[in-house]
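Just below is one structure, and these are the notes that go with it.
Protein chains: 2
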Amino acid sequence: MAKPRPLSIKHQHPCDQCPLKKHDILRDLSASETEFMTRFKTGEFQAQAGSTIIVEGTNSPHLYTVLSGWGFRYKTLPDGRRQILNFILPGDLVGLQGSLMKEMSHSVEALSDMMFCVFERESLTKLFKETPSLAYDVTWLAAREEQMLDEHLLSVGRRTAIERAAYLISFLSQRARRVGQLEDGQILVPFTQSHVADTLGLSLVHTNKTLKKLQARGLIKWSERSCIVKDEEKLQHVAGWDGLPDTPRPFI
Amino acid sequence: MAKPRPLSIKHQHPCDQCPLKKHDILRDLSASETEFMTRFKTGEFQAQAGSTIIVEGTNSPHLYTVLSGWGFRYKTLPDGRRQILNFILPGDLVGLQGSLMKEMSHSVEALSDMMFCVFERESLTKLFKETPSLAYDVTWLAAREEQMLDEHLLSVGRRTAIERAAYLISFLSQRARRVGQLEDGQILVPFTQSHVADTLGLSLVHTNKTLKKLQARGLIKWSERSCIVKDEEKLQHVAGWDGLPDTPRPFI
DNA sequence: CGCAGGATTGATATCAATCAATAACGGTGG
DNA sequence: CCACCGTTATTGATTGATATCAATCCTGCG
Numbered sequence: 001m002a003k004p005r006p007l008s009i010k011h012q013h014p015c016d017q018c019p020l021k022k023h024d025i026l027r028d029l030s031a032s033e034t035e036f037m038t039r040f041k042t043g044e045f046q047a048q049a050g051s052t053i054i055v056e057g058t059n060s061p062h063l064y065t066v067l068s069g070w071g072f073r074y075k076t077l078p079d080g081r082r083q084i085l086n087f088i089l090p091g092d093l094v095g096l097q098g099s100l101m102k103e104m105s106h107s108v109e110a111l112s113d114m115m116f117c118v119f120e121r122e123s124l125t126k127l128f129k130e131t132p133s134l135a136y137d138v139t140w141l142a143a144r145e146e147q148m149l150d151e152h153l154l155s156v157g158r159r160t161a162i163e164r165a166a167y168l169i170s171f172l173s174q175r176a177r178r179v180g181q182l183e184d185g186q187i188l189v190p191f192t193q194s195h196v197a198d199t200l201g202l203s204l205v206h207t208n209k210t211l212k213k214l215q216a217r218g219l220i221k222w223s224e225r226s227c228i229v230k231d232e233e234k235l236q237h238v239a240g241w242d243g244l245p246d247t248p249r250p251f252i
Numbered sequence: 001m002a003k004p005r006p007l008s009i010k011h012q013h014p015c016d017q018c019p020l021k022k023h024d025i026l027r028d029l030s031a032s033e034t035e036f037m038t039r040f041k042t043g044e045f046q047a048q049a050g051s052t053i054i055v056e057g058t059n060s061p062h063l064y065t066v067l068s069g070w071g072f073r074y075k076t077l078p079d080g081r082r083q084i085l086n087f088i089l090p091g092d093l094v095g096l097q098g099s100l101m102k103e104m105s106h107s108v109e110a111l112s113d114m115m116f117c118v119f120e121r122e123s124l125t126k127l128f129k130e131t132p133s134l135a136y137d138v139t140w141l142a143a144r145e146e147q148m149l150d151e152h153l154l155s156v157g158r159r160t161a162i163e164r165a166a167y168l169i170s171f172l173s174q175r176a177r178r179v180g181q182l183e184d185g186q187i188l189v190p191f192t193q194s195h196v197a198d199t200l201g202l203s204l205v206h207t208n209k210t211l212k213k214l215q216a217r218g219l220i221k222w223s224e225r226s227c228i229v230k231d232e233e234k235l236q237h238v239a240g241w242d243g244l245p246d247t248p249r250p251f252i
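Chains as they are written, first to last, in the UniProt record's numbering: chain A, 1 to 252; chain B, 1 to 252.
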C-alpha cells in the first residue's frame, strides 16, 4: 500500500543504451528517434513488488515505459470485486489514458519489483509534433493493447473455465518469452492463483480446481507462485487460440 | 452474408459539411484539419443492415469513420461461439488495427444500414506526418476504445447477469444519446436479444429472463428489437457504473 | 395460410460459487 | 529452538446461478 515516489536517479540508463534493446522482438530506434527519446525522458522510477503505481480516478502527470519487472492493470466494482484487465511487461507503455484523458480509469499494481522510464505527459504533444514515427508507434501500442483486450473479452465471455485458463497461461508464456521472462517453460513472475482468478473472472476455488485439471492433463505445473508450461501447443489447442504474432513491435 | 462493395459515390458529403458536425459531443475541426480530411477522404461507402464489413483475419486496405448507422465488432471461437466486443456508432473509427497491423483480429457487422467515410490505409502515415493534431485524435480514439473494453471486461468478468444487463443498457443509451440516437428513452437501433446475449457473455435464454427482471423492476422495457430506458439512474446504480464522460471528443 | 425469426416460458442439467476445513510455508517474536 | 501467525494452496460438501432442452407464442410476410 506504500505510495511509491520517483527516485531522483536520472538517466541511469541512457536511451542509446536502453536495456530493452536486447530484445529482438522490439524494433530498433533510429538515431533521431533515440535523440528525441533522450530529451523526452525525464528520469527513472522504481516500484516495489505489491505497490500501487496508478490509482483509478486520479490524474498522473507521467507516462511510463516498463524497463523491467511485471505488473498488472485492473478495475474494481464498488463492493471490491476486482477484474485484472491485462498484465504489463518490459517494453509496455503505461498511463497513456491518463495523458490523453482527464483521468485514469484503471489502476496499476506491481507484481515484482519494477523499473520504469518516466516521461512528462505534457511532452506527448511535442512528440506528436516533432517525431511522427514515434507518434505512430504510440498509436500502434494502443491498438495492440486493444487487440489483447479483445481476446481477453472473448475468453471471459465465451470460453469455459478450462479454456480460459489454457488461454491465459499460453498468452502469458508467449509474452514472457518475447522479453526473456521464460526459462525452461517457467513464467518468471511471482503471481498467485488469486491473480489468475481475477483475470479469468472465476472464483479462487474454482480457479484452483481448474489449474489442477490442466496439471492432471500434463499441460502445466503450478509451482510456488508461478507456472511451468509443459505443453504450450496443447494449451493453445485447448483454448482455441492462434497465439501471438512473432513480428517485431515498437516501443518508446 | 453479401459482401458489400464501396459505391462509387464520392464526396457526397464534403468534409466542411460533414453530417457529424451537428453533434455537440464531437469537437470542431480547424480549417486546416478540415482541409487535410478533404484530401484524406477517398469516398463514401454504404452497407446494408446485416452485412459483414470486416472479416477477422483479412487485411482491409481501408479505414472508415461511421457517418450514420449502428454496427458491432465481434470475435468467434473455432466452434462458432461469438463474443460481441463493442458497438459502433456515428463518429467512431473502424479498421484502425488493420491499418497498423498485418490483419484485423475481429470482424465487423452492420446492425442497421450504415454510411461510412472511407480513407486509404496508406495515407495514415501521411496524416501522422502532416497533421499531428489529427494523429493525436486517432490515438485518443484508440485510448477511448481501450477504456470501453476495460469496462466491458470488468462487466463480463465480475458483474452478475442483472448487473451486466443494466450496465450494457445504460452504456448504450448514453452513447446513443450523444449522437442523437435516443428518443424518449428508446435506443434507436434494431438489435435482438441474441446480440445482447453475445455481448454479456450469457446464454440467450438467460438473457431473456434477465431482461424480464429489469423490466419487472421498471427499469427498462424491451420492445420490438430494441430497448426503452425507463430509469437510467437506477440502471447505473444497479450496475455500479459511473457513466460516460460528457466532454467533447474528437473524431476524424 | 403457413412459415421464419424472434421472444418467452418451464423443466432439468451442469458449471461454478460459496462454505468450511486443512495443509504447507515463511516470517516473527519469545 | 519453537509457538504463533498470515498468506497461499488445496480439498470436499453444498448451494446457487446459468446453461441447455423443449415447447409455445407471437408477428410480419410471401
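Virtual Cβ for every residue (Gly too), placed ideally from N, Cα, C. None of these values were measured; they are calculated from a predicted model.
From which residue to which residue does the alpha helix (DSSP H) around residue i run?
i      : result
A/S99  : 96 to 100
A/W140 : 132 to 158
B/L204 : 204 to 216
A/T199 : 193 to 200
B/L172 : 161 to 178
Find the residues of chain B that neighbour residue i, judging by a C-beta separation of less than 9 Å, and give them in chain order.
i      : result
A/M101 : W140, A143, R144, Q147, P245, T247
A/T207 : Simply none; closest approach about 12 Å.
A/T192 : Result: empty, since nearest Cβ-Cβ is about 17 Å, beyond 9 Å.
A/T210 : By Cβ distance, chain B contributes nothing, its closest Cβ being about 15 Å from A/T210, past 9 Å.
Which chain A residues sit within Cβ distance under 7 Å of residue i?
i      : result
B/G157 : Q83, V156, G201
B/T38  : Result: empty, since nearest Cβ-Cβ is about 20 Å, beyond 7 Å.
Can you give me the C-alpha to C-alpha distance between residue i and residue j, rounded to a whole angstrom?
i      : j      : result
A/L219 : A/L235 : 6 Å
B/L20  : B/D28  : 10 Å
B/T160 : A/F171 : 26 Å
A/L153 : A/T125 : 31 Å
B/S51  : B/V229 : 28 Å
A/R249 : A/T34  : 16 Å
A/G180 : A/N86  : 19 Å
B/E103 : B/R121 : 12 Å
A/P14  : A/T38  : 7 Å
A/V238 : A/R217 : 11 Å
A/P6   : B/G57  : Because A/P6 carries a pLDDT of 44, less than 50, the predicted location of this residue cannot be relied on, and the following value inherits that uncertainty. Rounded to whole angstroms, A/P6 to B/G57 spans 43 Å at the Cα level.
B/I53  : B/I84  : 15 Å
B/Y167 : B/G185 : 15 Å
Taking Cβ positions only, does residue i come closer than 7 Å to chain B?
i      : result
A/N107 : The residue you asked about is not Asn; residue 107 of chain A is Ser in the sequence shown. Answer no: the Cβ-Cβ gap between A/S107 and chain B never drops below 7 Å.
A/Q97  : yes
A/R5   : Per-residue confidence for A/R5 stands at a pLDDT of 44, beneath the threshold of 50, marking its modelled position as unreliable; the derived number appears in the next sentence. So, not an interface residue.
Are residue i and residue j touching if we call contact CB-CB under 7 Å?
i      : j      : result
A/F72  : A/V118 : no
B/V138 : A/T139 : yes
A/L141 : A/R164 : no
B/S105 : B/V55  : no
A/K129 : B/P90  : no
A/L244 : A/Q174 : yes
A/S112 : A/A49  : yes
B/G95  : B/L134 : no
A/M114 : A/G69  : yes
B/L202 : B/S194 : no
A/K213 : A/I169 : no
Would you kindly report the start and end of the unbroken beta strand (DSSP E) that includes residue i?
i      : result
B/A47  : 41 to 47
B/F119 : 114 to 120
B/G71  : 71 to 76
B/N86  : 82 to 88
B/K221 : 220 to 222
B/I54  : 52 to 54
A/V66  : 62 to 68
A/E233 : Segment 232 to 239 is the alpha helix (DSSP H) holding A/E233; no beta strand (DSSP E) there.
B/I25  : Where B/I25 is concerned, there is no enclosing beta strand (DSSP E), given that its DSSP letter is neither H nor E.
A/C227 : 227 to 229
B/V108 : 107 to 110
Chain A partners of residue i, CB-CB under 8 Å?
i      : result
B/G240 : L77, P78, D79
B/A135 : F128, P132, A135, Y136, T139
B/E58  : The sequence shown places Thr at residue 58 of chain B, not Glu. Here the premise fails: no neighbours, minimum Cβ distance about 14 Å.
How about residue i: is its C-beta nearer than 7 Å to some C-beta of chain A?
i      : result
B/H152 : yes
Going along chain B, which residues have a C-beta under 8 Å from residue i?
i     : result
A/T65 : None at all; the shortest Cβ gap to chain B is about 16 Å.
Which chain A residues sit within Cβ distance under 9 Å of residue i?
i     : result
B/T34 : Ordered by position in chain A, no residue passes the 9 Å Cβ test against B/T34, which lies about 19 Å from the chain.
B/T52 : Neighbours of B/T52 on chain A: none; closest Cβ ~17 Å, over 9 Å.
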